[in-house]
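Asks: My questions will all concern the structure given below.
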């Protein structure tokens, strides 16, 4: 049973470009969470999605960041007009439908570098 | 807002000694407390978790204790081994927020042979 799959593993973007990060949850999981980890810091919650719904986006920056989890296909975290401060590791996690306090299992992350 | 404080930020022990990492949380409605281990450049991996209806949980060399009154929980690793070296994160969440975890700042554990 494959775990949470994220791609790409590494992404380099110049300032002003767009970054798209993809996450496929574990089989049978319909809840997806995105977290950001700045260098040598803890993980910060960004957004919680179910299929076609954003449940909690309280951790998302107000501008340039958006997330979706369509009916078909992976969840996408999109960062427009990237700046150097966006350089971080972005981790996705998923949980099953009955996900009240279900353990979260993280993907291997996407390491974004903005030059 | 919700906050989780974790101490110490770094911890160095000799192989075979015990290691203890402590966390406090601010949200009294929190009822789920996982611990993650993250090796350099890798994903956080769940190592143990505890729910608020339990005071202690053990899994081989790892144990977690929870004091709801003090809003405090701790990770205990006994008989440490060099492969235990990593960054450890505590986290807290409440049941009506799904998987929205509030993480501590992390503890870098170094186990010296």
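Chains as they are written, first to last, in our numbering: chain A, 11 to 125; chain B, 14 to 126. Where a beta carbon is used, it is the ideal one built from N, C-alpha and C, also for glycine. Since the structure is predicted, the reported quantities are computational estimates derived from the model, not experimental observations.
(1) With residue 81 of chain A and residue 62 of chain A assumed to form a contact (beta carbons below 8 Å), what rounded beta-carbon distance in angstroms separates them?
(2) Can you find the residues in the same chain that come closer than 7 Å, C-beta to C-beta, to residue 21 of chain B, ignoring five residues on each side of it along the sequence?
(3) What are the partner residues of residue 79 of chain A, as DSSP defines its beta bridges?
(4) If I measure Cβ to Cβ from residue 10 of chain B and keep anything under 6 Å in the same chain, skipping five residues before and after, which residues do I get?
(5) Using beta carbons (cut-off 9 Å, strictly below), is residue 72 of chain B in contact with chain A?
(6) Return the bridge partner residues of residue 85 of chain A from the DSSP annotation.
(7) Is it the case that the Cβ atoms of residue 122 of chain B and residue 41 of chain B are separated by a distance below 9 Å?
(8) On the DSSP bridge assignment, give the partners of residue 40 of chain A in chain order.
(9) Per DSSP, what are the beta-bridge partners of residue 133 of chain A in this structure?
(10) Between residue 68 of chain B and chain A, is any beta-carbon pair separated by less than 9 Å?
(11) For the candidate residues B:97, B:96 and B:39, whose alpha-carbon lies nearest to that of residue 104 of chain B?
(12) Using a Cβ cut-off of 7 Å, which residues of the region 74–94 of chain B contact any Cβ in chain A, in chain order?
(13) Taking the alpha carbon of residue 66 of chain B as the point to measure from, which residue in B:118, B:76 and B:81 has its own alpha carbon closest?
(14) In terms of residue numbering, what span does the beta strand (DSSP E) encompassing residue 35 of chain B cover?
(15) Run through DSSP, which three-state label would residue 16 of chain A get?
(16) Closer than 9 Å by beta-carbon distance: list the chain B residues that pair up with residue 49 of chain A, in chain order.
(17) Going by the DSSP bridge assignment, what does residue 23 of chain A pair with across the sheet?
(18) Can you list, in chain order, the residues of its chain whose CB lies under 7 Å from that of residue 74 of chain B, leaving out five sequence neighbours each side?
(19) Which same chain residues end up closer than 6 Å to residue 86 of chain B when comparing Cβ atoms and leaving out the 5 residues on each side of it in sequence?
(20) Just to confirm the assignment, what range does the beta strand (DSSP E) spanning residue 64 of chain B have?
Replies: Straight from the coordinates:
(1) 5 Å
(2) 120
(3) None, per the DSSP bridge assignment.
(4) Residue 10 of chain B lies beyond the range of chain B shown here (14 to 126); nothing can be said about it.
(5) no
(6) A:33
(7) no
(8) BP columns for residue 40 of chain A are empty, so no partner.
(9) A query on residue 133 of chain A cannot be resolved here, the shown segment of chain A reaching from 11 to 125 and no further.
(10) no
(11) B:39
(12) none
(13) B:81
(14) 32–38
(15) strand
(16) Simply none; closest approach about 11 Å.
(17) A:124
(18) 90, 91 and 92
(19) 36, 46 and 79
(20) 58–64
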